[in-house]
């Protein structure tokens, strides 16, 4: 492997910037509206005084447009971002967010379209939904698709509620009431049990084997009780390993009368290579903000489409978008509310539409061959890191990883440098740290997902940085323990923040009095 | 593929370095029978030029997007300062993840802290979270929270709450053991009745009211808060037109315990229904029951101020099935847009927007009510929306306005209320000029 | 090495019990606070609550973890440590003193006899660490 003489990042220009409330000066103005052009009534004649607020919007800032620009531009420079460099957060798929997709989402005919406009006046918007549904069905091998869920966890809730509705419809009341257990591996995302709970299920945890796979024996044992409604499984799992027994796993659950839900957070390892529908999965959610590159925006918005088998399709949220002929015989798109078995609506209107535009643009930009190429490149990058770092870090599972790989701090922690310290030190080398301390079943986990959006020089730099930190952890642990050294602020006292939470700014006098 | 840095030659070299001969070997851990043995049946790759032309063609078929519009009903067209889109397009904001590493996420964290503060100031509440998906899911989460706080299982929604919000709440609570009731509005005033009678009892966890309500009527929130508190229940106030918060008595001052709002009015384009942003605020004593993320102030060893995600033990990644919600990804970037909007408009701008909305809507309502055959069925005071009763079925009337006058004249209420064929909901904002309003009036007069 | 006072009784869930007459004072051990990290919040049963042995009496939170608390003895809660609301860090700094959590009027005094002695608890934590 080529060594690239990595140098540590030095700190560079950074401005101090207060909270906007501290910048505010009475009388500053950042806007201008056209003057009121209708006859003005005394406000009290429109809205009785007892319904009006009387605090003159106390505390709301008064700043100029320049203040706003400088404020946000300055604080923006305190963020790390994909455009700056590799962002290898495992399970988060931080890939390039194309500017073209941003342009598409801002086309006036989409951006200015009201969701309650008539169907016939919104045909282009409906076509986008219809086509994206169609493509996601092909990619997952699951024909029923709803784009309504707003994020991954929302898609999970939708999928699990669909399982529940299906079982309630299939079994007699007494029998379905006994099927209220959702099986979830101990390596799962926390959203899985939380979503299962929202759908009225109790959770039983399945053990993972020492090789990092679902424990089939334990699964069989849990399935033998007759109370299992389903299994929520991530594949590749959160250790980055493909569940090679997936068909058998689905068979065991199906034989026990349950259904299989797949958490699609890791679909970036599979697009164009293998399809959940072909594995026996009944329902899945996708994260358009991971696999299909819609920007994560510092915490959202996402979009969590739910894809399912033909059998489960009647239970999807309403409205569905379908292709139909009008009375005049013209083909068009319409909303279908006539789904008596539907779990209901999970969000007002139709979902995070702007994300659907971006995802469709992603699929069209890549084409079928580009989608497969992206998957291959993502898995190759992860495998390259796995291969390179095994000499310096403990890799707890032998199997070849897919799009992400887990290492631990086992070797470094002997000298006192733990995963958190390694992560913080990585910041000094100019990289965003990987996902840390997840999955929970691996002590000191570092879950690294490079995605396809990293070239080999940057991968080599990352590898060199990780090796350099491994050396520092032995030779100069203090350096690692006190990292980061190059950022505006050091490690924050999170315990003090949680003990006496300050969750909003208050004017000085008020803050003192409180 | 131009988004993939490594060329195929580079990838071949990397494969060789890790001891593989081909990309196909990367997938050896997948059983062969599961490998897709064909190409995906999705479109072939398009160039930027072809792709944009295709989307422009589809966009052109959205004729409603190119008309002057009086559509509201939970989604509002307001002025959006140019700098909002410019600033949210900075890659430091839009290509960052959830701020898990505070040392390199202070930009996002400070934005959220300002957002939480602004939400508190606007709603008159004490704590607010970092955002929910939208107003409808925020209301559902508020109902679930009321059950947790009170350990009671009945929730009563009063009057004209947005019908799609009610549907979402019903979906969310269907397996939560919550008895969700809905009491109809007073057909004369359009408001919720404050005489709740036997529906309200000591099993009631919360009363839900929307103000301004779905018909634009301002509700007597204070009276409902007193009713709720008298039996130990919470009052949940829903706001779909957040611009009203700058003018109307705050839900907090009126006695609300939880306030949720749709924040779309704050600098967010219509975008056919999303992404928007849900606002969620409550009393300080309930901070540990709040769903979603919270950002708090913190200090480093040198005493420098920063911000961190805090009280995380409420959340799914720690408390799993016992979490206060399953939410993880929220609406960060849209919360940023709302923050930039609120700070740019500032105190005076928000007040002026709200006043112009109220004045223009009052003008439009006054003129329409004087038209032959048209009337306003509800008597309650309103903010920027009102219901009009037409002499003919509203759906046909509005289609005619679109075809002949290129106006989206409002929402036919028959979409949600089958027994109101002639009623439609008109929304007027600061963006509707007097000329547009007069064109609407003229079009109705000469239908 | 974690501090394990001789005069207390211990549970396998890492609670300690100090018996004075028929009143049991309960908290979590030094070993437990150490593995939990900085304690930021403690929520426990109120005076008057009736608890059965091994029942949950609340939870203790660090920045990134929540642990449920289990009472080793049955009885009625007579007092909760109000000071922990303002100073939850006492659980870290003084787990056997100011970091105590609840006092219980025991309904079945014999229960303490089935708990671990200091020596037994020390052995137990050694096993857990390995």
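Residue numbers (my numbering), protein chains in the order written: chain A, 5 to 518; chain B, 1125 to 1571; chain C, 2 to 131.
We treat Cβ as the ideally placed atom computed from N, Cα and C, and that holds for glycine.
Item: Report yes if the C-beta distance between residue 1559 of chain B and residue 1474 of chain B is below 9 Å; otherwise report no.; Value: no
Item: Name, in chain order, the residues that DSSP records as bridge partners for residue 1332 of chain B.; Value: B:1281 and B:1360
Item: Taking the C-alpha atoms as reference points, what is the distance between residue 8 of chain C and residue 66 of chain C?; Value: 29 Å
Item: Hey, could you find the ends of the beta strand (DSSP E) residue 1513 of chain B is sitting in?; Value: 1509-1513
Item: Can you find a C-beta in chain B that's less than 9 Å from the C-beta of residue 66 of chain C?; Value: yes
Item: Can you check which of these residues, B:1465, B:1454, B:1563 and B:1479, is closest to residue 1210 of chain B by C-alpha distance?; Value: B:1465
Item: Could one say the Cβ of residue 335 of chain A lies closer than 9 Å to chain B's Cβ atoms, at least one of them?; Value: no
Item: Should residue 37 of chain A be labelled buried (16 or more other beta-carbon atoms within 10 Å of its own) or exposed?; Value: exposed
Item: Are the beta-carbon atoms of residue 453 of chain A and residue 93 of chain A separated by less than 9 Å?; Value: yes
Item: Specify, as a first and last residue, the run of the alpha helix (DSSP H) that residue 104 of chain C falls within.; Value: Note, residue 104 of chain C: premise wrong, no alpha helix (DSSP H); beta strand (DSSP E) at 103-107.
Item: Is the shortest distance between the beta-carbon of residue 96 of chain C and the beta-carbons of chain A less than 9 Å?; Value: no
Item: Measure from the C-beta of residue 1437 of chain B to each C-beta in chain C and report whether the shortest distance is under 9 Å.; Value: yes
Item: Is the Cβ-Cβ distance between residue 44 of chain C and residue 61 of chain C less than 9 Å?; Value: yes
Item: Taking all protein chains shown into account, decide if residue 1299 of chain B is buried (16 or more other Cβ within 10 angstroms of its Cβ) or exposed.; Value: buried
Item: Checking contacts by CB at 9 Å: is residue 1477 of chain B closer than that to chain A?; Value: yes
Item: Which one or two residues does DSSP pair with residue 209 of chain A in a beta bridge?; Value: A:188
Item: Using a C-beta to C-beta distance shorter than 7 Å, which residues of chain C count as neighbours of residue 1442 of chain B?; Value: 65, 66 and 67
Item: From which residue to which residue does the alpha helix (DSSP H) around residue 12 of chain C run?; Value: Careful: residue 12 of chain C lies outside any alpha helix (DSSP H) and carries neither H nor E.
Item: Classify residue 468 of chain A: buried if its beta carbon has 16 or more other beta carbons within 10 angstroms, exposed otherwise.; Value: buried
Item: If I follow the unbroken alpha helix (DSSP H) through residue 346 of chain A, where does it start and stop?; Value: Neither: residue 346 of chain A is in no alpha helix (DSSP H) and is coded neither H nor E.
Item: So, for residue 538 of chain A: in the same chain, excluding its five sequence neighbours on each side, which residues have a beta-carbon less than 8 Å away from its beta-carbon?; Value: Because chain A here runs from 5 to 518, residue 538 of chain A falls outside it and cannot be looked at.
Item: If you reduce the DSSP assignment to three classes, tell me which class residue 234 of chain A lands in.; Value: strand
Item: Taking 9 Å as the CB-CB limit, is residue 90 of chain C close to chain B?; Value: no
Item: Keeping to the same chain, check which residues put their C-beta closer than 8 Å to that of residue 249 of chain A; ignore five residues upstream and five downstream.; Value: 217, 218 and 220
Item: So which residues on chain A does residue 1391 of chain B lean against when the C-beta distance must stay under 8 Å?; Value: Simply none; closest approach about 11 Å.
Item: Taking the CB atoms as reference points, tell me whether residue 1257 of chain B and residue 1546 of chain B lie closer together than 9 Å.; Value: no
Item: Could you tell me if residue 1511 of chain B is buried or exposed, where buried requires 16 or more neighbouring beta carbons within 10 angstroms of its beta carbon?; Value: buried
Item: Please tell me whether residue 115 of chain A and residue 308 of chain A are closer than 9 Å, where the distance is taken between their beta carbons.; Value: no
Item: Please decide whether residue 307 of chain A counts as near chain B, where near means a Cβ-Cβ distance under 9 Å.; Value: yes
Item: Using a Cβ cut-off of 9 Å, pull out every chain A residue sitting near residue 1455 of chain B, in sequence order please.; Value: 154, 155, 301, 303, 304, 305, 306 and 356
Item: Please list the partners that residue 101 of chain A has in chain B, where partner means a Cβ-to-Cβ separation under 9 Å.; Value: 1215, 1218 and 1219
Item: Using the C-alpha atoms, what's the distance from residue 1352 of chain B back to residue 1327 of chain B?; Value: 11 Å
Item: Taking the beta strand (DSSP E) that residue 450 of chain A falls in, what are its first and last residues?; Value: 449-452
Item: Among A:111, A:411 and A:161, which residue has its Cα nearest to the Cα of residue 1297 of chain B?; Value: A:161
Item: Would you say residue 83 of chain C faces chain B, with C-beta separation under 9 Å as the test?; Value: no
Item: Tell me the DSSP secondary structure of residue 1451 of chain B in three-state form.; Value: coil
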